[in-house]
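Mapping of the sequence shown onto the UniProt record's numbering: residues 1 to 578, in sequence order. Data first, discussion second: the structure below is written as structure tokens.
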Amino acid sequence: MANEREPRHPSTAPDWWKSAVVYQVYPRSFQDSDGDGIGDLRGIMQRLDHLERLGVGVVWLSPIHRSPQADNGYDISDYRDIDPTFGTLEDFDALVAAMHERGIRLVMDLVVNHTSDEHPWFVESRSSRENPKRDWYWWRPPRAGTHGGDPGAEPTNWESFFSGPTWEWDEATGEYYLHLFDVKQPDLNWENPEVRHAVYEMMRWWLDRGADGFRMDVINLISKHPHLPDGPVRSGRRYGDGGAAYTNGPRLHEFMQEMHREVFDGRDGLITVGETPGVTIDEAILFTDPDRREVDMVFQFEHVGLDHGATKFHPRPLAPGELAASLAKWQEGLADRGWNSLYLENHDQPRSVSRFGDAEAHWYSSATALATMLHLQRGTPYVYQGQELGMTNAPFSALDEYRDVESLNAYAEAVASGTAVADALDGLSLMSRDHARTPMQWDPTPNAGFTTGVPWLAVNPNHATVNAAAQVGDPGSVFEYHRQLVSLRRERPVVSHGSFERVDAGHPAIFAFERVLGEDRLLVVANLSSVEHDPVFTQEVADRWRDSLPVLTNTLPDAPGAFDAPLAPWEARVTALA
Ligand code: ISL
């Protein structure tokens with residue numbers, strides 16, 4: 001029916017992305033069209049109605065490039081081809097065209113801190129010390145006085161994000177190469193201008209092909225301190241934290257500005273977002289101040305690190321108000337210059353309703369309360385596939401249910417260093433990246449409508465009740481609630497462009513804030529806890545909101561909608577003056 005549809009014309013304002021909602025698709029787990037148990041591009045095509053109905057303006061695809069899939073595509077061996085698991089370049093072109101016809105823009109993942117070790121650049125680089133591409137990666141001799149390959153001979157003491165050292169010994173050429181992530185993900189050397197220009201050329205190639213922007217994987221790790229200093233070793237750890245040597249490094253912003261000049265200048269309608277673990281507010285301003293011409297926004301990590309203990313696999317419960325305080329700090333930090341990406345989930349994080357909400361006792365209310373505060377802050381919201389259905393963590397209990405390289409390595413390391421198997425499994429059951437990667441729950445049939453084959457990662461059994469078929473069109477569903485929030489952003493400029501002003505509601509568990517644009521104001525009051533709370537406002541706030549009316553179908557339809565009425569557990573309400 002494609003040609004009967006009125007084409008939707010997306011906004012062409014330079015800052016159009018302030019009014020858009022981005023939806024992240026993890027292609028492996030979204031929709032399988034050929035029965036191999038792995039999602040693919042034709043599968044995404046089949047599900048565009050879902051995205052159109054939700055009303056999102058942008059889709060970000062996790063990597064679909066050719067890859068050995070050591071890290072599910074974040075290890076690219078050919079930047080200009082589609083992995084056969086996902087389809088072909090022709091499928092990609094068809095997908096871009098179908099999305100554009102629906103007024104949806106498409107963002108590619110840009111993974112250029114590292115490549116796959118199977119990328120021809122690295123194959124050449126490792127072939128000999130004299131190879132012209134040797135310097136495209138970070139090659140170093142063993143530490144002075146040691147023998148290459150021996151424990152402790154690594155050029156620095158850094159620990160990889162995926163456990164173990166960040167250096168791999170290459171016997172053939174007698175040097176180590178750097179890999180901040182998996183051994184199959186060698187880091188590119190951005191000091192070398194040939195590397196940078198090869199990346200920029202590849203980026204232009206995708207934009208020419210129809211992509212509308214990039215989500216830039218760990219982009220704040222591309223500039224390493226050239227001396228590669230050792231990092232501090234925390235007690236009980238074998239390796240050091242090299243973060244200071246490679247996070248927000250010395251030439252980072254020079255590289256970002258060069259990329260902007262080389263790739264984005266003179267092209268309109270794009271959206272760029274940097275993934276920046278360890279970014280501070282000051283750094284985020286440098287990235288996103290429009291006058292500096294780097295990127296439109298970044299993903300900061302503070303709120304998704306709040307619950308990390310000694311490691312991310314030893315999480316701790318958050319105190320009431322901790323999440324809101326962190327988010328409000330970023331709202332205020334980027335109020336004048338810069339722009340926030342708003343997210344609670346992605347393919348690396350546990351499901352938000354399980355992690356920050358109460359998936360057992362208050363599943364619907366907590367999913368919708370979290371959605372309320374997510375969408376209505378100042379910034380561009382990102383909805384991760386399944387979040388709009390309130391998908392939860394997987395109930396995995398055995399090691400062989402997990403697939404993720406980070407989880408498997410962390411488990412092996414924990415057990416090798418004396419952690420009890422049950423404790424190591426507990427860590428995974430709370431924090432594994434696989435919780436976000438279980439197949440999309442389309443319907444209640446055995447494989448959730450995801451595949452006719454055997455899914456690469458088990459479907460969450462709660463798809464029998466938590467699924468798109470049950471929710472789309474049901475006004476009381478998590479999906480339709482998200483949909484209301486997406487349209488509110490389109491309809492009321494105060495949501496996209498208004499200021500954010502935190503409001504004291506008398507209890508840390510209540511996250512309350514006003515959004516203000518000229519005469520237009522919204523009040524958001526969300527109880528982010530599983531106990532009832534009675535909000536208490538200052539006289540000034542109470543006077544201002546006395547005659548306000550709800551603008552969304554309340555998460556709890558029977559509850560009184562008055563702005564200051566007692567809040568049920570996880571009740572959120574949004575009111576406006578006119
Ligand atoms: O999930 C994490 C480990 O606890 C994060 O530190 C994650 O590795 C970090 O956010 C970087 O993520 C990105 O780059 C990785 C890839 O594995 C992730 O999927 C990607 O989002 C390496 O490319």
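Glycine included, every Cβ here is placed at the ideal spot set by N, Cα and C.
Roughly how many angstroms separate the alpha carbons of V263 and Y384, rounded to a whole number? 27 Å
Is it right to say S160 is buried, meaning 16 or more other beta carbons lie within 10 angstroms of its own, or is it exposed? buried
Please state whether DSSP places M108 in a helix, a strand or coil. strand
Selected residue, minimal CA-CA separation from P550, among K329, F563, A464 and G476: Closest option to P550, Cα to Cα, is F563.
Would you decide whether H147 is buried or exposed? Buried here means 16 or more other CB atoms lie within 10 Å of its CB. exposed
Straight-line gap, S128 to G73 (C-alpha atoms, nearest Å): So the two alpha carbons sit approximately 27 Å from each other.
Once the 5 residues before and after N3 are set aside, which same chain residues still bring their CB inside 8 Å of it? Model confidence at N3 stands at a pLDDT of 42, short of 50, so the residue's coordinates are unreliable and nothing is read from them.
How many Å lie between V123 and L61 at the Cα? 27 Å
List the residues that DSSP assigns as beta-bridge partners of Q24. Under DSSP, the beta-bridge partners assigned to Q24 are W60 and Y384.
Distance, Cα to Cα, residue 592 vs D241? Residue coverage of the chain in this structure runs from 1 to 578, which leaves residue 592 outside it and unanswerable.
Between A526 and the rest of its own chain, which residues show a CB-CB distance below 6 Å, the 5 nearest in sequence each way excluded? A369, T372, M373, F511 and A572
Considering only the beta carbon of each residue, do Y382 and V22 sit closer than 7 Å? yes
Neighbour-count burial assignment, Q539, 16 or more Cβ in a 10 Å radius: exposed
By Cβ distance, which residues of its chain are closer than 7 Å to K312, with the 5 residues on each side in sequence left out? In the same chain as K312, and ignoring 5 residues on each side of it, the C-beta atoms closer than 7 Å to its own belong to M431, in chain order.
What do you reckon, is the C-beta of P277 under 6 Å from a heavy atom of the ligand ISL? yes
Can you tell which of D91, H100, P120 and A70 has the C-alpha that lies nearest to the C-alpha of Y79? P120
Let me confirm a value: Q185 is counted as buried when at least 16 other C-beta atoms fall within 10 Å, else exposed. Which label applies? Buried, because 16 or more other Cβ atoms sit within 10 Å of the Cβ of Q185.
Beta-carbon proximity list for M1, same chain, < 8 Å, skipping 5 on both sides: Note that M1 scores a pLDDT of 37, beneath 50, so its modelled location is shaky; the value from the coordinates is reported in the next line. Cβ within range, chain order: n/a, list empty.
Are three or more beta carbon pairs between the stretch 176 to 191 and the stretch 130 to 143 nearer than 8 Å? Cβ pair count under 8 Å is three or more, so yes.
On the DSSP bridge list, what partners appear for D78? R66
What alpha helix (DSSP H) runs, 4 residues minimum, are completely inside the stretch 505 to 571? DSSP runs (the alpha helix (DSSP H)) wholly in the stretch 505 to 571: 539 to 545.
Mind pulling the beta strand (DSSP E) runs of 3 or more residues that sit fully within the stretch 281 to 316? 297 to 299
Given a threshold of 16 other Cβ atoms within 10 Å of its Cβ, counted over all protein chains shown, does G418 qualify as buried or as exposed? Flag for G418 reads exposed.
Among V273, R292, E90 and H375, which has the Cα closest to the Cα of D40? E90
Residues near T465 in its chain [Cβ-Cβ closer than 8 Å; skip 5 each side]: P444
Is the Cβ-Cβ distance between S496 and R489 less than 7 Å? yes
Please report the straight-line C-alpha distance between A565 and S352, rounded to a whole angstrom. 26 Å
For Y137, list the residues DSSP reports as bridge partners. L188
Leaving aside the five residues before and after W17 along the sequence, list all residues of the same chain whose C-beta is less than 6 Å from its C-beta, in chain order. I271, D296 and T380
Under 6 Å from any heavy atom of the ligand ISL, does the C-beta of V218 make it? Yes; taking the cut-off as 6 Å, the Cβ of V218 has a heavy atom of the ligand ISL nearer than that.
Check for me: the beta strand (DSSP E) holding Y176 runs from which residue to which? E175 to L178
Which class does M203 belong to by DSSP, given the choice of helix, strand or coil? helix
Taking the alpha carbon of V456 as the point to measure from, which residue in S365, D217, D400 and E322 has its own alpha carbon closest? First, the amino acid is wrong: residue 456 is Trp here, not Val. The residue with the shortest Cα to Cα distance from W456 is D400.
Short check: CB of S29 to CB of P439, under 7 Å? yes
Give the straight-line distance between the Cα atoms of N447 and R403, rounded to the nearest whole angstrom. 18 Å
With a cut-off of 8 Å, do at least 3 Cβ pairs link the stretch 330 to 340 to the stretch 285 to 294? Touching, per the Cβ criterion.
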